[in-house]
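Asks: Got a structure here, written out as structure tokens. Questions coming.
2 protein chains.
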Amino acid sequence: RQRILVTGGAGFIGSNLVDHLMELGHEVIVLDSLFTGTKENIAHWIGHPRFDFIRHDVTERIMLEVDQIYHLACPASPLHYKYNAIKTIKTNVLGTLNMLGIAKRTGARLLLASTSEVYGDPLVHPQPESYWGNVNPIGVRSCYDEGKRVAETLCFDYYRQHHVDIRVARIFNTYGPRMVENDGRVVSNFVGQALRGEELTIFGDGSQTRSFCFVSDLVDALIRLMNTEGITGPVNLGNPTEFTVRELAELVRRKLPKSGPIRYLPPTPDDPGRRQPDIHLARTVLDWAPRVPLEEGLDAMIADFQRRGIGSRPVA
Amino acid sequence: RQRILVTGGAGFIGSNLVDHLMELGHEVIVLDSLFTGTKENIAHWIGHPRFDFIRHDVTERIMLEVDQIYHLACPASPLHYKYNAIKTIKTNVLGTLNMLGIAKRTGARLLLASTSEVYGDPLVHPQPESYWGNVNPIGVRSCYDEGKRVAETLCFDYYRQHHVDIRVARIFNTYGPRMVENDGRVVSNFVGQALRGEELTIFGDGSQTRSFCFVSDLVDALIRLMNTEGITGPVNLGNPTEFTVRELAELVRRKLPKSGPIRYLPPTPDDPGRRQPDIHLARTVLDWAPRVPLEEGLDAMIADFQRRGIGSRPVA
Ligand SMILES: NC(=O)c1ccc[n+]([C@@H]2O[C@H](COP(=O)([O-])OP(=O)(O)OC[C@H]3O[C@@H](n4cnc5c(N)ncnc54)[C@H](O)[C@@H]3O)[C@@H](O)[C@H]2O)c1
Ligand SMILES: NC(=O)c1ccc[n+]([C@@H]2O[C@H](COP(=O)([O-])OP(=O)(O)OC[C@H]3O[C@@H](n4cnc5c(N)ncnc54)[C@H](O)[C@@H]3O)[C@@H](O)[C@H]2O)c1
Ligand SMILES: O=c1ccn([C@@H]2O[C@H](COP(=O)(O)OP(=O)(O)O)[C@@H](O)[C@H]2O)c(=O)[nH]1
Ligand SMILES: O=c1ccn([C@@H]2O[C@H](COP(=O)(O)OP(=O)(O)O)[C@@H](O)[C@H]2O)c(=O)[nH]1
Ligand SMILES: O=c1ccn([C@@H]2O[C@H](COP(=O)(O)OP(=O)(O)O)[C@@H](O)[C@H]2O)c(=O)[nH]1
Ligand SMILES: O=c1ccn([C@@H]2O[C@H](COP(=O)(O)OP(=O)(O)O)[C@@H](O)[C@H]2O)c(=O)[nH]1
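As they're listed, the protein sequences go chains A and B. In terms of our numbering, the first sequence is numbered consecutively and its last residue is 316. In terms of our numbering, the second sequence is numbered consecutively and its last residue is 632.
This is the structure in structure tokens:
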């Protein structure tokens, strides 16, 4: 049994991870400011003797005694991270610095939830971990992309300078139960729109691609990476099956026939044209590969959205 | 007459800038931790009624009332910025954040001394400002390269979010009087080695290129950029005349015949292969171009090194 800190544990990926860690019998501390996460996501654990929730902002220092840190706290959808870009940079830099400070002091192992956005609009396809990326340093997405890049730099500098035991995961687009209905990300947007009988909004011509990983597969990978010895990463984690945004929209419409038609809107700035993980490294060192195909994951997500009443009540 | 803050004003570029600003009749405040700078560089102004020196670390908050901020504080040579990589990131991120905080509060205009290193090992040659760069996010140079990239991001986010009046200069390799003798940078290394009758050390085969700008040209450009309306940058500032490192070594040997021979050492990791600024933008909007050719600038630098006794006394 380990004492495990999950920052951002009230969010989408974090709360799914917490469920798994609790089921494995660990002591779990969630540290979350509830900026984009909700207490609902962890409500079923509140009061459990092995569980603690701390409402705290990672940009502020905090003293905790733990064995492992999953550092996920950061707004993840463009809508949220652009809302206060300066805060997003602070969360990535000061938040990661503080968590590395805890890791350094306690000897805990730290896993950083980095992102495929460190590759920017990639010129190499699919993206292996050795690719240095193509990121605009001064654009409207930079607070997130550059913030995560420098969070990775910090991890590696704490590793080199203070021998902090790090794991860097580069997470590709992930979807599943507990996504926020209106957070602007494409899978949740389309499913929400379809359930409400609205038009599905495509930014640009829909030919841009993404590779969507179901959250249970991702959580499995994060836990494997954390508990594998002798590897710092970065390791790509994602589902390599690539779809165009148009294909995704069509799939959602087939599943939810009451959906409105597709509506094409202007493209968003600096929107990457293609994205697909090269997961050779994860296959080899973690003995991991995603198992849930998009068809099946979408069904689970639709069921979750319906359970939450999305589509059968007015939009918040 | 303006109240001008120069962070890093006791360093190489900073102190040359301070001389110019003082000569123009401004009130100048130097804020410097003396990590790589020295009081010697500004000794001639100490006690002057229009001059103040504050020994302070930019990573700590400070209250100052100013009209313009030249934000240069940051170790600039690989030797120094790799010495404490975590500190280098903090200087770039927290230092820039604090200076932007002052600019936001006082309405001061802020010029960031960014660097050609934001282009990394460039795949586009010469480098225009629109190039997004090829930077390793997790290497030993990343603390500097990624640190400066995120400093630029911060400037643009303060510009977009709080309308802070910013100027971002991307400075290419600069050399001249007051460089530190043993800071590992190529021009000062070669001149110092040659004056001491030592071998000139080339890392790699010497075919890598750099474009060297004399410091008076650069100071002129910084002042123009600061005082030009309606432009945020980034603006490349540098001398577009490209030399291989081997050519530079040979030039130094011709000028200082008592120099030892060239000695080839293993290449350093992530060393950019080519670097040359595209200065079309600076020519157009600042009406600026460098005037001092390398031959002439080297003479001034050699004279300065000789005046400081380099080569005629034992190495510190
Ligand atoms: N979902 C994806 O497709 C994806 C892809 C790549 C990377 N990631 C990364 O995974 C992590 C989790 O993403 P998610 O999809 O679960 O997003 P999410 O928004 O659901 O979760 C982020 C959580 O962090 C919390 N948080 C934000 N700022 C905070 C701060 N300053 N202090 C404390 N808590 C804070 C939020 O309240 C939220 O609970 C993020 O770091 C994200 O960058 C996600
Ligand atoms: N010289 C070049 O070729 C070159 C090229 C590109 C960019 N730049 C940038 O120009 C600026 C000045 O470079 P330089 O060549 O004069 O280097 P330098 O090392 O001579 O000057 C840097 C100054 O900043 C001070 N400093 C460092 N960390 C500090 C901190 N935390 N708080 C307060 N002061 C601090 C140092 O003491 C020093 O006086 C740097 O930002 C550098 O990144 C220089
Ligand atoms: O238990 C801890 C240990 C450190 N930190 C913070 O983590 C950061 C980095 O810590 P470190 O000890 O590496 O940095 P230093 O204090 O040397 O700057 C600092 O801002 C600390 O305030 C923290 O919040 N909790
Ligand atoms: O309602 C939406 C939301 C997103 N997208 C597009 O879907 C892709 C994935 O967007 P998301 O924000 O989910 O993830 P990211 O861009 O961070 O990979 C991008 O090309 C978006 O422009 C879209 O066409 N319609
Ligand atoms: O005169 C000032 C104003 C601000 N700051 C610092 O600059 C940073 C950014 O300031 P801002 O007001 O933007 O940030 P906030 O306080 O909202 O985080 C903060 O860490 C402040 O401590 C400073 O050192 N001097
Ligand atoms: O004694 C030296 C110092 C530097 N260099 C090389 O000269 C170039 C410029 O190095 P510097 O550190 O001056 O600047 P930067 O790499 O930051 O452009 C690089 O290719 C270095 O490997 C060299 O060959 N010998």
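The C-beta atom is built at its ideal place from N, Cα and C for all residues, glycine as well. Computed from a prediction, not measured in an experiment: that's the story for all the values here.
Assuming contact is defined by CB atoms lying nearer than 7 Å, are GLY508 (chain B) and ILE626 (chain B) in contact in what I supplied?
Replies: Position 192 of the second sequence, counted from the first residue, corresponds to residue 508 (chain B). Position 310 of the second sequence, counted from the first residue, corresponds to residue 626 (chain B). Yes; because the gap between Cβ atoms is below 7 Å, this pair is in contact.
Asks: Per DSSP, what kind of secondary structure is LEU123 (chain A) in: helix, strand or coil?
Replies: As a first step, residue 123 (chain A) is located in the first sequence; it is residue number 123 there, counting from the start. Three-state DSSP puts LEU123 (chain A) in coil, outside helix and strand.
Asks: Of all Cβ atoms in chain B, is any one closer than 7 Å to the Cβ of PRO137 (chain A)?
Replies: Position 137 of the first sequence, counted from the first residue, corresponds to residue 137 (chain A). By this cut-off, PRO137 (chain A) is an interface position.
Asks: Can you tell which of A:HIS44, A:ASP57, A:SER77 has the C-alpha that lies nearest to the C-alpha of ASP271 (chain A)?
Replies: Residue mapping note: residue 271 (chain A) aligns to position 271 of the first sequence, counting from 1. For the residues A:HIS44, A:ASP57, A:SER77, the minimum Cα distance to ASP271 (chain A) belongs to A:SER77.
Asks: By Cβ distance, which residues of its chain are closer than 6 Å to TYR158 (chain A), with the 5 residues on each side in sequence left out?
Replies: Along the first sequence, one-based indexing puts residue 158 (chain A) at 158. Counting only Cβ-Cβ distances below 6 Å, and skipping sequence neighbours, we find LEU100, VAL164.
Asks: Give me the Cα-Cα distance between ALA10 (chain A) and PRO177 (chain A), rounded to the nearest whole angstrom.
Replies: Residue 10 (chain A) sits at position 10 when you count from the first residue of the first sequence. Residue 177 (chain A) sits at position 177 when you count from the first residue of the first sequence. Roughly 13 Å between the two C-alpha positions.
Asks: Do you know whose CA, among A:GLU117, A:LYS258, A:ALA249, lies nearest LEU195 (chain A)'s CA?
Replies: Counting from 1 along the first sequence, the entry for residue 195 (chain A) is found at position 195. Comparing Cα positions, the closest option is A:LYS258.
Asks: Beta-carbon within less than 6 Å of VAL180 (chain A)'s beta-carbon, same chain only, minus the 5 sequence neighbours each way: which residues are those?
Replies: Counted from its first residue, the first sequence places residue 180 (chain A) at position 180. Nothing meets the Cβ criterion.
Asks: For ILE518 (chain B) and PRO438 (chain B), I'd like the C-alpha separation in whole angstroms.
Replies: Counting from 1 along the second sequence, the entry for residue 518 (chain B) is found at position 202. Counting from 1 along the second sequence, the entry for residue 438 (chain B) is found at position 122. The alpha-carbon atoms of ILE518 (chain B) and PRO438 (chain B) are separated by roughly 21 Å.
Asks: Could you check where the beta strand (DSSP E) with TYR70 (chain A) kicks off and where it finishes?
Replies: Position 70 of the first sequence, counting from 1, holds the residue named residue 70 (chain A). Note, TYR70 (chain A): beta strand (DSSP E), 68-71.
Asks: Using a beta-carbon distance cut-off of less than 9 Å, what residues from the segment 458-474 of chain B approach chain A?
Replies: Answer set for the segment 458-474 of chain B: SER458, CYS459, ASP461, GLU462, GLY463, LYS464, ARG465, VAL466, GLU468, THR469, LEU470, CYS471, PHE472, ASP473, TYR474.
Asks: GLY353 (chain B): beta carbon under 6 Å from a heavy atom of ligand 2?
Replies: Taking the first residue of the second sequence as 1, we reach residue 353 (chain B) at position 37. Yes, Cβ of GLY353 (chain B) sits closer than 6 Å to a heavy atom of ligand 2.
Asks: Taking 7 Å as the limit between beta carbons, can you name the residues of its chain near ALA401 (chain B), skipping five residues before and five after?
Replies: Here the question's residue 401 (chain B) lines up with position 85 in the second sequence. The residues are CYS459.
Asks: Using 7 Å as the limit for Cβ to Cβ distance, is ILE402 (chain B) near chain A?
Replies: In the second sequence, residue 402 (chain B) corresponds to position 86, counting from 1. With 7 Å as the cut-off, ILE402 (chain B) counts as an interface residue toward chain A.
Asks: If distances are taken between C-alpha atoms only, which option among B:VAL551, B:VAL535, B:VAL561 comes closest to THR600 (chain B)?
Replies: For the purposes of this step, residue 600 (chain B) is identified with residue 284 of the second sequence, where counting begins at 1. Selected option, being the one with the closest Cα: B:VAL551.
Asks: Would you please verify whether the beta carbon of GLN477 (chain B) is less than 7 Å from any beta carbon of chain A?
Replies: For the purposes of this step, residue 477 (chain B) is taken as residue 161 along the second sequence, with counting starting at 1. So, interface residue.
Asks: Please confirm if ASN134 (chain A) has its CB atom under 7 Å from at least one CB of chain B.
Replies: Your numbering for residue 134 (chain A) matches position 134 in the first sequence. Output row for ASN134 (chain A): interface = yes.
Asks: Against ILE405 (chain B), what residues of chain A qualify as contacts under a CB-to-CB distance less than 9 Å, listed in chain order?
Replies: As a position in the second sequence, residue 405 (chain B) is number 89, starting the count at 1. Chain A residues near ILE405 (chain B): VAL93, LEU97, VAL150, THR153, LEU154, ASP157.
Asks: What beta strand (DSSP E) runs, 3 residues minimum, are completely inside the segment 377-462 of chain B?
Replies: You should have 384-387, 425-431.
Asks: Keeping to the same chain, check which residues put their C-beta closer than 7 Å to that of HIS396 (chain B); ignore five residues upstream and five downstream.
Replies: Within the second sequence, residue 396 (chain B) is the residue found at index 80, counting from 1. Hits under 7 Å: THR352, ASP499.
Asks: Note the first and the last residue of the continuous beta strand (DSSP E) segment covering VAL601 (chain B).
Replies: For this step, residue 601 (chain B) is matched to residue 285 along the second sequence. No beta strand (DSSP E) holds VAL601 (chain B); DSSP gives it neither H nor E.
Asks: ILE378 (chain B): beta carbon under 6 Å from a heavy atom of ligand 5?
Replies: Mapped onto the second sequence, residue 378 (chain B) falls at position 62. For ligand 5, at least one heavy atom lies less than 6 Å from the Cβ of ILE378 (chain B).
Asks: Please name the residue, chosen from B:GLU558, B:THR404, B:ILE370, that lies closest to SER523 (chain B) on a Cα-to-Cα basis.
Replies: Counting from one through the second sequence, the residue named residue 523 (chain B) turns up at place 207. The residue with the shortest Cα to Cα distance from SER523 (chain B) is B:GLU558.
Asks: Relative to the alpha-carbon of HIS162 (chain A), which residue among A:ILE223, A:ILE102, A:ARG50 has its alpha-carbon at the smallest distance?
Replies: Start at 1 with the first residue of the first sequence, and residue 162 (chain A) comes out as number 162. It is A:ILE102 whose Cα lies nearest to the Cα of HIS162 (chain A).
Asks: Just the chain B side, please: which residues come within less than 8 Å of PRO234 (chain A) by C-beta, in chain order?
Replies: Counting from one through the first sequence, the residue named residue 234 (chain A) turns up at place 234. Here the neighbours are ILE454.
Asks: At a CB-CB cut-off below 8 Å, which residues of chain B make contact with VAL118 (chain A)?
Replies: In the first sequence, the residue the question calls residue 118 (chain A) occupies position 118. Within 8 Å Cβ-Cβ: PRO453.
Asks: In the DSSP output, what is PHE530 (chain B) paired with across the bridge?
Replies: By 1-based counting over the second sequence, the position of residue 530 (chain B) is 214. Per DSSP, B:TYR491.
Asks: When you compare the CB of PHE328 (chain B) with every CB in chain D, is at least one pair closer than 7 Å?
Replies: Absent from the structure is chain D; the protein chains it does hold are A and B.
Asks: Is DSSP giving GLU558 (chain B) helix, strand or coil here?
Replies: The residue given as residue 558 (chain B) occupies position 242 in the second sequence. In the structure shown, GLU558 (chain B) sits in a strand (DSSP, three-state: E or B).
Asks: What does DSSP give as the partner residues of THR153 (chain A) in its beta bridges?
Replies: Mapped onto the first sequence, residue 153 (chain A) falls at position 153. Paired residues: none, contrary to the question.
Asks: Starting from VAL346 (chain B), trace the beta strand (DSSP E) both ways and give me its first and last residue.
Replies: Indexing the second sequence from 1 puts residue 346 (chain B) at position 30. Start and end: 343-348.
Asks: Please report the straight-line C-alpha distance between GLY423 (chain B) and THR375 (chain B), rounded to a whole angstrom.
Replies: As a working mapping, residue 423 (chain B) is identified with position 107 in the second sequence. As a working mapping, residue 375 (chain B) is identified with position 59 in the second sequence. Cα to Cα, the separation comes out at about 20 Å.
Asks: Quick one: is ARG275 (chain A) buried, meaning 16 or more other Cβ sit within 10 Å of its Cβ, or exposed?
Replies: Here residue 275 (chain A) corresponds to residue number 275 of the first sequence, with the count starting at 1. With 16 or more other Cβ atoms within 10 Å, it is buried.
Asks: Mapping the DSSP letters down to three states, classify ARG512 (chain B) as helix, strand or coil.
Replies: The count along the second sequence starts at 1 and reaches residue 512 (chain B) at position 196. In the structure shown, ARG512 (chain B) sits in coil (DSSP, three-state: anything other than H, G, I, E or B).
Asks: Would you call the CB atoms of ARG317 (chain B) and HIS342 (chain B) closer than 7 Å?
Replies: Sequence index remark: in the second sequence, residue 317 (chain B) carries index 1 (1-based). Sequence index remark: in the second sequence, residue 342 (chain B) carries index 26 (1-based). Yes, Cβ-Cβ distance for ARG317 (chain B) and HIS342 (chain B) is below 7 Å.
Asks: Considering only the alpha carbon of each residue, which of B:GLN443, B:VAL456, B:SER432, B:ARG526 lies closest to ALA485 (chain B)?
Replies: Within the second sequence, numbered from 1, the residue matching residue 485 (chain B) stands at position 169. Among B:GLN443, B:VAL456, B:SER432, B:ARG526, the Cα nearest to that of ALA485 (chain B) belongs to B:SER432.
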